[in-house]
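**Q**
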Amino acid sequence: MAMRYARCKGGASWSADNIPYDALARDRVRDDTHLFYTVASASFIEITSDLYTYNLIEYFRHDSEVVEWLQNVWQKEELQHGEALRRYVRTAWPDFDWDAAYRHFLAEYTPLCTVDQLAPTRALEMAARCVVETGTAGFYRMLSEQSREPVLKQLAARISADEVRHYKHFYRYFLRYQAHERPSRAAVLRILWSRASEIEAEDAFHAFKSVFLVRNPETEFQRSDYTAYVDGISRLAKNHFPLGMAVKMLLKPLGLNPVLGRAILPAATSAIRFIFMRHTGSPTPSSGVGNFDKRRQAPGASADGERPSRLL
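If you count by my numbering, then the sequence shown holds residues 3 to 314, one letter each, in order.
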C-alpha cells in the first residue's frame, strides 16, 4: 500500500528487487577499500531513516500534508535506498558482517539523533532539508558517474534521481512556510550556509567508525583514520562533484531575481565550491539530522591492496 501511494504521488518507480545484483562485477570492487567504506557507511545512514523521519514528523506534527508525505513517501524511499545498498554490500563484500557493524552504529548514533537539533522555525528547517537533499543528490550522482561497476552505477543513479525529487518536495514546503513565517533572506542564507558547512556530521562519522571497527577488530580506531578517508573523498569531489547542479539547488530558496542571481553567481559558486570540496567530506550522504586508509583492507582484498580514490 505504501509503495502504491508513493508511485501514485510521483514517487520512486523501482525497488531493490529491480537491481540485478547477480550481475555485480565483484572483480571491479572487491579490492576497492575506499568504495567499501563509502557504500557500507551510506547503507547505514539510509536504512536509519526511520529515526530521522520520527524527528521530522514530531517537528511538523500539526501539518498533516507534510506528515503524510514524510511517512508514506520519503521514509519508505530512504529505507529502500538503505536496503538496496545493504544488498549491494552483502553481494560485493560477503565476508563483511553488516549486521554487527550496524548494531554498533545504532547503539552509538541513536542517542544523538534528536528533535532539538533541527532548525528554529519550520521554514528554515525546510530550507535546511533542501541543503541535505542537494548534498545527497550530488553524492549519488558522482558515485554513479565515477563507478566502474555497472550495478552500482545503476543503483546510485536511481537514488540520485529520488533525492532530486525529494528536494523538490522540501522546496515546495519551504515556500509554503516561508509565506507564513516570512524569514528574512539573511536568515535563510545563514541556515543554508550553516547546514552545508557541517563537516562533523555525526551520522557519517559513526557510520564510518562502525564499519571500520567490525572490519578491523584487532585495530584501535583513530580519528585520523576518518580524517584520511574524508581527505580522499574531498580530492575526488574536487574534480567530479556536480557543482553546477548544487549551486542552482542551493540558491533557489533565496528567491533571487534573475539579474541578482546572475550577479552573485560567481561568488556563490566559489563559496559553494569551498564548502563542498572541503566538506563533501562526509564519507557518505549525511542525514542532516545530527551535528552535522591505505593500511586497511576491504573484505576480500589482497593484503597489499591499495586504497584507491573512491569510485575509481
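Note that CB positions come from ideal geometry on N, CA and C, so glycine has one too. Computed from a predicted structure; not experimentally measured.
Out of N241, S149, N20, E79, which one is the CA nearest neighbour of R30?
**A** What you label residue 30 is simply residue 28 of the sequence shown in a count that begins at 1. It is S149 whose Cα lies nearest to the Cα of R30.
**Q** Nearest to V133 by alpha carbon, out of Y104, F243, Y173, D99?
**A** As a working mapping, residue 133 is identified with position 131 in the sequence shown. Comparing Cα-Cα distances from V133 to each of Y104, F243, Y173, D99, the minimum goes to Y173.
**Q** Taking the straight line between their C-alpha atoms, what separation do you get for F38 and V213?
**A** Locating residue 38 in the sequence shown gives position 36, counting from the first residue. Locating residue 213 in the sequence shown gives position 211, counting from the first residue. If I take the Cα positions, the gap works out to 9 Å.
**Q** Would you please state the rounded distance, in angstroms, between the beta carbons of H171 and W100? I believe it to be under 8 Å.
**A** In the sequence shown, counting from the first residue as 1, residue 171 sits at position 169. In the sequence shown, counting from the first residue as 1, residue 100 sits at position 98. Going by Cβ atoms, the distance from H171 to W100 rounds to 30 Å, so no, they are not a contact pair.
**Q** Which residues mark the beginning and the end of the alpha helix (DSSP H) in which Y39 is found?
**A** Counting from one through the sequence shown, the residue named residue 39 turns up at place 37. Its alpha helix (DSSP H) spans residues 35-49.
**Q** Should P185 go down as buried or exposed, given a rule of 16 or more other Cβ atoms within 10 Å for buried?
**A** Position 183 of the sequence shown, counting from 1, holds the residue named residue 185. By the neighbour-count rule (16 or more Cβ atoms within 10 Å), P185 is buried.
**Q** Q156 and P22 - do their beta-carbons sit closer together than 9 Å?
**A** Locating residue 22 in the sequence shown gives position 20, counting from the first residue. Locating residue 156 in the sequence shown gives position 154, counting from the first residue. In this structure, Q156 lies closer than 9 Å to P22 by Cβ.
**Q** Taking 9 Å as the threshold (C-beta atoms), are Y142 and E165 in contact?
**A** As a first step, residue 165 must be located in the sequence shown, where it is residue number 163. As a first step, residue 142 must be located in the sequence shown, where it is residue number 140. It is a contact, given that the beta carbons lie within the stated cut-off.
**Q** Give me, in chain order, the residues of the same chain whose beta-carbon lies closer than 7 Å to that of L256; leave out the 5 immediate sequence neighbours on both sides.
**A** Position 254 of the sequence shown, counted from the start, is the residue given in the question as residue 256. The answer, listed in chain order, is R187, V190, L191.
**Q** Mind checking which residues open and close the alpha helix (DSSP H) that includes D233?
**A** Within the sequence shown, the letter at position 231 stands for residue 233. It spans 225-242 - the alpha helix (DSSP H) in which D233 sits, taken as one unbroken run.
**Q** Can you find the residues in the same chain that come closer than 8 Å, C-beta to C-beta, to L258, ignoring five residues on each side of it along the sequence?
**A** Translated into the one-based positions of the sequence shown, residue 258 becomes position 256. Here the set comprises I266.
**Q** Mark S284 as exposed unless 16 or more other C-beta atoms lie within 10 angstroms of its C-beta, in which case mark it buried.
**A** Within the sequence shown, numbered from 1, the residue matching residue 284 stands at position 282. Bear in mind that the predicted position of S284 carries a pLDDT of just 48, short of 50, making it too unreliable to give a figure here.
**Q** Are the stretch 50-67 and the stretch 109-127 touching, with three or more C-beta to C-beta distances below 8 Å?
**A** Enough Cβ pairs lie closer than 8 Å, so yes.
**Q** So for P185, helix, strand or coil by DSSP?
**A** Counting from one through the sequence shown, the residue named residue 185 turns up at place 183. It is coil, neither helix nor strand.
**Q** Helix, strand or coil for V75? Go by DSSP, reduced to three states.
**A** Position 73 of the sequence shown, counting from 1, holds the residue named residue 75. In this structure, V75 counts as helix in the three-state DSSP scheme.
**Q** Does the structure place the stretch 117-131 close enough to the stretch 57-73 that three or more beta carbon pairs sit under 8 Å?
**A** Cβ pair count under 8 Å is three or more, so yes.
**Q** Note down, one range per segment and in chain order, each beta strand (DSSP E) of at least 3 residues found wholly within the stretch 108-165.
**A** Segments of the beta strand (DSSP E) lying fully in the stretch 108-165: there are none.
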